[in-house]
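Participant: Numbering (the numbering used here), first residue to last: 49 to 217.
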Ligand SMILES: Cc1cc2nc3c(=O)[nH]c(=O)nc-3n(C[C@H](O)[C@H](O)[C@H](O)COP(=O)(O)O)c2cc1C
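1. Just to confirm, are residue 56 and residue 152 a CB contact at a threshold of 7 Å?
2. Run through the DSSP bridge pairs and tell me what residue 141 is partnered with.
3. Would you say the beta carbon of residue 101 comes nearer than 6 Å to a heavy atom of ligand 1?
4. Do residue 140 and residue 169 count as a contact pair if the criterion is CB distance below 7 Å?
5. Between the stretch 71-78 and the stretch 122-137, do three or more beta carbon pairs fall short of 8 Å?
6. Please state the DSSP three-state secondary structure of residue 177.
7. In the DSSP assignment, what residue or residues form a beta bridge with residue 50?
8. Which ranges does the beta strand (DSSP E) cover as unbroken runs of at least 3 residues, wholly within the stretch 62-137, from first to last along the chain?
9. Could you pull the DSSP bridge partners for residue 200 from this structure?
10. Beta-carbon separation of residue 177 and residue 196 under 7 Å?
11. Rounding to the nearest angstrom, what Cα-Cα distance links residue 160 and residue 188 in this structure?
12. Between 53, 66 and 79, which lies nearest to residue 211 when the distance is taken from Cα to Cα?
13. Going by DSSP, what residues sit across from residue 162 in a beta bridge?
14. Can residue 171 and residue 58 be called in contact, C-beta distance under 7 Å?
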């Protein structure tokens with residue numbers, strides 16, 4: 049059966065080990081492309097209809113409000129894949145407050161992942177996956193949650209060996 053890589057990634061000011069940096073390509077995006085390349089799988093980027101601010105502190109403010117209020121920000125569904133044809137979903141997101149951005153919650157609410165293998169991959173400023181994988185299971189209790197991959201945001205460029213190992217290559 050087939051695999052697909054689904055991800056959300058924030059460009060602009062972001063936090064990694066060295067402090068706040070302005071990045072043109074999001075860390076998760078870099079990792080998502082690497083994984084898709086190794087699997088020869090399609091990519092679907094979750095693009096929020098209301099873009100997140102460029103500024104780090106403003107992004108933190110908005111995403112914290114979304115987290116606290118249980119918001120479900122909409123994403124562009126124009127090219128939404130037919131997930132029924134995929135058995136394996138590689139789901140990528142940055143660690144936001146130990147969890148995932150709420151647009152991932154929107155995705156998990158919307159797409160039926162029952163019986164599908166879900167492989168989380170996460171970039172962070174150092175916290176790794178935290179409790180985000182358990183949260184996936186609470187949104188999609190009947191998915192088969194597989195071992196996740198965590199990479200520090202500032203190390204994604206050199207993550208290919210880790211990715212290959214994670215994929216069992
Ligand atoms: C709103 C927000 C919250 C974050 N919370 C955490 C956190 O709790 N722990 C952590 O290690 N990194 C945290 N980070 C840092 C991101 O996880 C890290 O920069 C990640 O690599 C960004 O990936 P991206 O460029 O694909 O969005 C946070 C970043 C943002 C913008």
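Quick reminder that beta carbons are idealized off the backbone N, C-alpha and C, glycines included.
Facilitator: So, from the listed chains and residues:
1. yes
2. 170
3. no
4. yes
5. no
6. coil
7. 134
8. 67-71 and 91-93
9. 172
10. yes
11. 8 Å
12. 79
13. According to DSSP, residue 162 bridges with nothing at all.
14. no
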